Amino acid sequence: MIRRPLLGSWTVEPKRGVFEAAPDGAGPVAVTLPHDALRDLPRAAEHGVHSGYIPGGVFEYRRVLDIPEAWRDRVVAIEFEGVYRDAAVYLNGALAGRHTNGYTGFTVDADAFLRFGGPNVLTVEARAHGDSRWYTGAGIYRPVHLVVADPVHIPLAGVAVTTPDVDAERAIVQVATDVVNRTRHTALARLRWQVLDAADREVAAGTSPITVLPGERATARARLTVTDPALWSSAHPALYTVRTQLAIDGRVVDDDATTFGIRTLQLDRQHGLRINGESVTLRGACIHHDGGPLGAAATAQVEDRRVRLLKDAGFNAVRSAHNPASRALLDACDRHGVLVMDELSDVWTRAKTPFDHSLAFPDTWPDDVARIVTADRNHPSVILYSIGNEILELATPLGAVWGRRLAEEFRRLDPTRFVTNGINGVIANMDKLAAAIAADLDAGANTMMADMGEQMARMNASAFVSDSIEESASVLDVVGFNYADSRYRQDAADYPNRVIVGSETFPAHIDAMWALVHELPHVIGDFTWTGWDYIGEAGIGRVDYSDEPGYQPTGTAGPYPYLLAGCGDIDITGFRRPISYYREIVFGLRADPYIAVHPPADHGRPTATTPWSWNDSVASWSWDAAAGAPVTVDVYADADEVELLLDGRSLGTAPVGQRKRFIATFEVAYHPGELTAVARRAGVIIGSHTLRSAAQEVRLVVRPEADLVAPGDLVYLPITLEDAAGTVPCDHDAVVTVQVDGGELAGLASGRARTEESFAGPSCTSHDGRLLAVVRAGAVGTVQVTATADALASTTTQVVVRAR
Numbered sequence: 001m002i003r004r005p006l007l008g009s010w011t012v013e014p015k016r017g018v019f020e021a022a023p024d025g026a027g028p029v030a031v032t033l034p035h036d037a038l039r040d041l042p043r044a045a046e047h048g049v050h051s052g053y054i055p056g057g058v059f060e061y062r063r064v065l066d067i068p069e070a071w072r073d074r075v076v077a078i079e080f081e082g083v084y085r086d087a088a089v090y091l092n093g094a095l096a097g098r099h100t101n102g103y104t105g106f107t108v109d110a111d112a113f114l115r116f117g118g119p120n121v122l123t124v125e126a127r128a129h130g131d132s133r134w135y136t137g138a139g140i141y142r143p144v145h146l147v148v149a150d151p152v153h154i155p156l157a158g159v160a161v162t163t164p165d166v167d168a169e170r171a172i173v174q175v176a177t178d179v180v181n182r183t184r185h186t187a188l189a190r191l192r193w194q195v196l197d198a199a200d201r202e203v204a205a206g207t208s209p210i211t212v213l214p215g216e217r218a219t220a221r222a223r224l225t226v227t228d229p230a231l232w233s234s235a236h237p238a239l240y241t242v243r244t245q246l247a248i249d250g251r252v253v254d255d256d257a258t259t260f261g262i263r264t265l266q267l268d269r270q271h272g273l274r275i276n277g278e279s280v281t282l283r284g285a286c287i288h289h290d291g292g293p294l295g296a297a298a299t300a301q302v303e304d305r306r307v308r309l310l311k312d313a314g315f316n317a318v319r320s321a322h323n324p325a326s327r328a329l330l331d332a333c334d335r336h337g338v339l340v341m342d343e344l345s346d347v348w349t350r351a352k353t354p355f356d357h358s359l360a361f362p363d364t365w366p367d368d369v370a371r372i373v374t375a376d377r378n379h380p381s382v383i384l385y386s387i388g389n390e391i392l393e394l395a396t397p398l399g400a401v402w403g404r405r406l407a408e409e410f411r412r413l414d415p416t417r418f419v420t421n422g423i424n425g426v427i428a429n430m431d432k433l434a435a436a437i438a439a440d441l442d443a444g445a446n447t448m449m450a451d452m453g454e455q456m457a458r459m460n461a462s463a464f465v466s467d468s469i470e471e472s473a474s475v476l477d478v479v480g481f482n483y484a485d486s487r488y489r490q491d492a493a494d495y496p497n498r499v500i501v502g503s504e505t506f507p508a509h510i511d512a513m514w515a516l517v518h519e520l521p522h523v524i525g526d527f528t529w530t531g532w533d534y535i536g537e538a539g540i541g542r543v544d545y546s547d548e549p550g551y552q553p554t555g556t557a558g559p560y561p562y563l564l565a566g567c568g569d570i571d572i573t574g575f576r577r578p579i580s581y582y583r584e585i586v587f588g589l590r591a592d593p594y595i596a597v598h599p600p601a602d603h604g605r606p607t608a609t610t611p612w613s614w615n616d617s618v619a620s621w622s623w624d625a626a627a628g629a630p631v632t633v634d635v636y637a638d639a640d641e642v643e644l645l646l647d648g649r650s651l652g653t654a655p656v657g658q659r660k661r662f663i664a665t666f667e668v669a670y671h672p673g674e675l676t677a678v679a680r681r682a683g684v685i686i687g688s689h690t691l692r693s694a695a696q697e698v699r700l701v702v703r704p705e706a707d708l709v710a711p712g713d714l715v716y717l718p719i720t721l722e723d724a725a726g727t728v729p730c731d732h733d734a735v736v737t738v739q740v741d742g743g744e745l746a747g748l749a750s751g752r753a754r755t756e757e758s759f760a761g762p763s764c765t766s767h768d769g770r771l772l773a774v775v776r777a778g779a780v781g782t783v784q785v786t787a788t789a790d791a792l793a794s795t796t797t798q799v800v801v802r803a804r
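Residues 1 to 804 (the numbering used here) are what the sequence shown spells out, left to right.
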């Protein structure tokens, strides 16, 4: 089989009607896939907070395919990993296929529409209608492949691998391979399987004849034994490959390589989740699918970097909220040992926005489920299928019917994994709880936001909610609770066979929730909202100063020009915010304390936050503040006490640790110098953290994350304003302009949630002294990136581009 990427030579333009004239100067724009058609559209307040005030639209992609005459007797298809949304695919002007779901992959059979021996026009239409509660992007935002196969072939995703029987001595690798016969004659073929380890050594093999009737599909199976198997786990993500060859009359007509891992899953309320017999607690991050500066465009490098940085920050699991994960994300999780809760949908039959997937879901759900299972089944990282998120109809009898229907379909197609659902009993009973919610609103928006977490917890723990969700919870292997940690202890008594995961939780409550995870074996982990910041749901994690002139409380919605949610442990550039280090300490993964300083200029000012907010602190001791100005310093630590020192002089000692929510707060006077926190347990120093004031002179520094790339690769280049010692002053921001030679600027951004600046560049204002440039490498040679800013010397760096 030939499987060729179709990433270059595309154009895109807004779709207009047949009788509608193009605006002056408008026309097709050349793009490289994956591509997000929404990212650079003009933002305005009327486009709504869900999308980050970015509009929707209808877009037409076009590419010419040269199809040789030699392919006339072969099977030709076009594979799309994801098109958002309601895709319509045309070949030479004829409709060749449609796909409504914006997140599942699909394939279009091209044979009936092709002109062999010449050019063919491939057109793809995509629509985004403001049809989601977050930023979706639009267009062909995942890769596309041209597939050419023999009429007798292994179909795409036609190899399934399971490991049903594993012990220390050997593992049984069960392989099922489909073969399709598109000829008019019975095919007599033979399959050969090889299992290869990470060093590409054969560790098992098998073969089987297979007869396939005309127009049919047949499945051949083999049970192969791998001795002394290397087991896949989060700590040791060992991977194997099954190489499958299909031969007719001794001639190989197709082959396939399938990556998999050998591991076991167990689940019970006494031991929780076990992988390979060892109990595992899920240190989880909910993530949306956009890639920040690149919009929704999903490449292997985008997903690999995100997964790697999330794991470095202490997470061992991700939840693909609220849609099926991309192939690239699952591949990255396999490589890095990150566990996955893969989610089906945010809606079933009741809409949350006017044009969301509920319009199609009642008709497409079997196909949606089948596609997510086909995509997931060989990925060892995937351990949970989530059938939904905060489903509106879940607390009704018919909602429970839908939940049972979905759960059973997942089990029928893949009995090797567990089924969950993100249940929020308050959301599921919204209409019945309207009076209580209205009463809370009468208390005022600020009070409502401040108390929202407690109110939701109280309602979720009520007997009324318990009764209303009981059947929907009973169809699950693991009951996912959104913002309902108030149920954890209660459910152990009321539902003694129930296993729970915190499928979505408030970030600032991780100390209490992680204590519950440790205390209660039937609670297998926690997934914070969110691990990585994202576009849309703009300002949901913001911190406002409520004494600002003209300030008006707006609930969870951040007013224009908020662009980002502002609630991620890691911002869209990949930079870890203070809450990330706090969480790492709560998880027990960091011995050193961590210093977070509140801006002296805002000392004592009242703040307004949401339940998804942290605070306005940063890890900096460089401030444009008068000597002696009051400043609040937080020190995070898992210790008995911390001592704060300035230039070696003690500023005081305070108790810390779990009983103090792992935070010690100091009120001190600001003086430039060296601020150090020392953590002690039983009188013994267990770690320290130091911040230093920056010198007056700062410079631009560009540090590429790779110094050697291939043509077309993405290069990530963090840019900082720092002094000669590498200290970054957080209140010394500048407008930075980036110029690229030997490539193109793919994205430019800071972590600032409220901005009117474009990701397209070429200029962007740094945030806390930092920003990120993403460059797509050109041809073999070098990529040269130059950063400039007013009153600062420019800086240039080079990255070598070499053929693979």
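Cβ atoms here follow ideal geometry from the backbone N, Cα and C, with glycine treated the same way.
The structure displayed is predicted, hence computed values, not measured ones.
The continuous beta strand (DSSP E) containing H99 extends over residues A94 to H99.
The beta-carbon distance between I585 and L564, rounded to whole angstroms, is 25 Å. This is too long to meet the 8 Å contact definition. The C-beta distance from A128 to L38 rounds to 6 Å, short enough to fall under 8 Å. Here the alpha carbon of P214 sits roughly 33 Å from the alpha carbon of R63. In this structure, DSSP gives L589 a state outside helix and strand, which the three-state scheme calls coil. Here the segment 277–295 does not lie against the segment 397–404, with fewer than 3 beta-carbon pairs under 8 Å apart. By the CB criterion at 8 Å, A596 and S617 fall inside the cutoff.
Segment contact: the segment 618–638 against the segment 550–570, fewer than three CB-CB distances shorter than 8 Å; contact not assigned. From the listed residues N421, I275 and R377, the smallest Cα separation to D414 is found for R377. In the structure shown, C730 falls within a coil segment according to DSSP collapsed to helix, strand and coil.
Using a C-beta cut-off of 8 Å, the segment 458–466 makes no contact with the segment 496–514, since fewer than three inter-stretch Cβ pairs fall below that distance.
For the pair N181 and V147, the CB atoms are not nearer than the 8 Å cut-off. Between the alpha carbons of R699 and A746 lies a gap of roughly 24 Å.
It is roughly 10 Å from the alpha-carbon of I248 to the alpha-carbon of P209. Where T720 is concerned, the enclosing beta strand (DSSP E) starts and stops at L714 to E722. A straight line joining the alpha-carbon of V347 with that of A601 spans about 44 Å. For secondary structure counted as the beta strand (DSSP E) over 3 or more consecutive residues, the segment 319–348 holds these complete runs in sequence order: 339–343. Taking a 10 Å sphere around the C-beta of K432, we find fewer than 16 other C-beta atoms and assign the residue as exposed.
Beta-bridge pairing by DSSP links F666 to V633.
Per DSSP, the unbroken alpha helix (DSSP H) holding V426 starts and ends at G425 to A428. Sequence-distant Cβ neighbours of A515 in its own chain, meaning closer than 6 Å and more than five residues away, do not exist here. By the C-beta density criterion, E744 is exposed, having fewer than 16 other C-beta atoms within 10 angstroms.
For a cut-off of 8 Å, the C-beta gap from V175 to A222 is around 5 Å, short enough to register as a contact. Taking C-beta atoms as the reference points, F355 and S345 fail to come closer than 8 Å. Around the beta carbon of D254, a 10 Å sphere encloses 16 or more other beta carbons of the protein chains shown; the residue is thus reported as buried. Under the Cβ criterion (8 Å, minimum of three pairs), the segment 98–109 counts as touching the segment 71–82. If the five residues before and after T737 are omitted, its C-beta is found closer than 6 Å to the C-beta atoms of P762, S763 and T788, all from its own chain and listed in chain order.
Between the segment 230–243 and the segment 138–154, the count of C-beta pairs closer than 8 Å stays below three; the two stretches do not touch. Taking each of D451, A508 and M513 in turn and checking the Cα distance to F481, the smallest one comes out for M513.
Bounds of the beta strand (DSSP E) holding W193 are A187 to L196. Burial is judged here by how many other beta carbons sit within 10 angstroms of a residue's own beta carbon; A538 has at least 16 and is buried. DSSP, read as helix, strand or coil, puts F464 in helix. Looking at the DSSP output, V147 shares a beta bridge with R3 and A77. For S546, the number of other beta carbons within 10 angstroms of its own is below 16, and it is reported as exposed. When the five nearest sequence neighbours on each side are left out, the beta carbons in the same chain lying within less than 7 Å of the beta carbon of R487 are those of N460, A461 and F481, in order along the chain. Restricting attention to V166, L188 and L267, the CA atom closest to the CA of D228 is found in V166.
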